[in-house]
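Below: the structure, in structure tokens.
2 protein chains.
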Amino acid sequence: MSGKSPGMDITTLSALAEPNRMKIVQLLRDGPLTVGEIAGRLGLHQPQASKHLKVLSDSGVVEVRIDANRRIYKLRSEPFQAMDIWVQSFRHIMEQRFDNLDNYLRELQNKEKP
Amino acid sequence: MSGKSPGMDITTLSALAEPNRMKIVQLLRDGPLTVGEIAGRLGLHQPQASKHLKVLSDSGVVEVRIDANRRIYKLRSEPFQAMDIWVQSFRHIMEQRFDNLDNYLRELQNKEKP
DNA sequence: TTTCAATATTCCTTGACAGGAATATTCGGT
DNA sequence: ACCGAATATTCCTGTCAAGGAATATTGAAA
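Taken in sequence, the protein lines are chains U and S. Residue numbering for the first sequence is 1 to 114, as defined by our numbering. Residue numbering for the second sequence is 1001 to 1114, as defined by our numbering.
Take a look at the structure:
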């Protein structure tokens, strides 16, 4: 077969589907940060920050660069590219107008039972 | 304040971060379906299908149209639009080239300690 | 080599959630 | 009014993940 319909990786989503990890990712959007910075800005205890970063790291959302004592975490591009592609496979869904008249007409269309 | 940096809704993501629900959503990408059809195509027992659809419905990923005995489920556009906007806020991350030479040069850049 | 700073890891407890099985609901047809 | 098809709901159970607290690791500097 040739045309694959994009299948989104579950682990990426579940990594993101947790409030603190989501916040971490949003923080890292503005650039790499150390564990301490992340914990500080989010009001997390350091161990929890490390644990969340491990989850993000294992799922490939984030990568780490070791600088002596510090670990500098930054976002990886692949998961976001993958999400982008996946979401784009729902173009036709997103393009739906929410103009009320349009919607009303569409409703009438659907009333005909095939 | 005026410019909000897109904050993705966690419930949407956790609804999607489950294998069977992800499969359901991929099915619905090709059009609305009844509970029975979904359960059938995915090899799920009907109650589990209903439960997953409830989660998807509560999170706003899906909406239902009642037709006598049947419930016809279809994707809603909003969550995907939201995801699209959110992912787009990571443009600069996604634009990273994975061309090796490029990457090598970028590495050298990063070696300078500010 | 002792000490301090930054980070990771372990253990424990608790709550959420998915699947299985059984049952309830709701509608159309007869 | 009853029956059967389609779907939802409830109860139960096991698993897994998150937070707290304590501890282990690593590296740099004195």
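Each residue gets a CB set at the ideal place from its N, CA and C atoms; glycine is no exception.
Residues of the region 1059-1081 of chain S with a C-beta atom less than 7 Å from some C-beta of chain U are L1075, S1077, F1080, Q1081, listed in chain order. Residues are counted here when their Cβ sits less than 8 Å from a Cβ of chain U; for the region 1003-1021 of chain S these are S1005, G1007, M1008, I1010, L1013, S1014, L1016, A1017, E1018, P1019, given in chain order. Apart from sequence neighbours up to five positions away, the residues of its chain that approach S1057 (chain S) with a beta-carbon distance below 8 Å are E1063, V1064, Y1073, ordered along the chain. For E37 (chain U), the enclosing alpha helix (DSSP H) starts and ends at 35-42. The continuous stretches of alpha helix (DSSP H) do not include V61 (chain U), and DSSP gives it neither H nor E. Assigned with DSSP and collapsed to three states, R1070 (chain S) falls in strand. Neighbours of S1089 (chain S) in chain U, taken as residues at a C-beta separation under 9 Å, are given in chain order as Q26, R29. Partner residues in the beta bridge of L75 (chain U), as assigned by DSSP, are U:V62. Within chain S, the residues placing a beta-carbon under 7 Å from that of Q96 (chain U) are S1077, ordered along the chain. Annotated three-state conformation of Q48 (chain U) is helix, per DSSP.
About 14 Å separates the beta carbons of L33 (chain U) and I1093 (chain S), which is beyond the 8 Å limit, so they are not a contact pair.
In the DSSP annotation of this structure, the continuous segment of the alpha helix (DSSP H) that includes M1094 (chain S) starts and ends at 1091-1094. With a cutoff of 7 Å on beta-carbon distance, H1052 (chain S) and R1021 (chain S) are scored as near each other.
Shown here, M1008 (chain S) sits in coil according to DSSP, grouped into three states, outside any helix or strand. One thing to note: A15 (chain U) has its Cβ no nearer than 7 Å to the Cβ of V35 (chain U). Looking at the backbone, the Cα of K1023 (chain S) and that of L27 (chain U) are separated by about 31 Å. Of the other Cβ atoms in all chains shown, 16 or more fall within 10 Å of the Cβ of S59 (chain U); this residue is therefore buried.
In this structure, the beta-carbon distance from V1025 (chain S) to V87 (chain U) does not fall below 7 Å.
At a cut-off of 7 Å between C-beta atoms, I1038 (chain S) does not count as an interface residue with respect to chain U.
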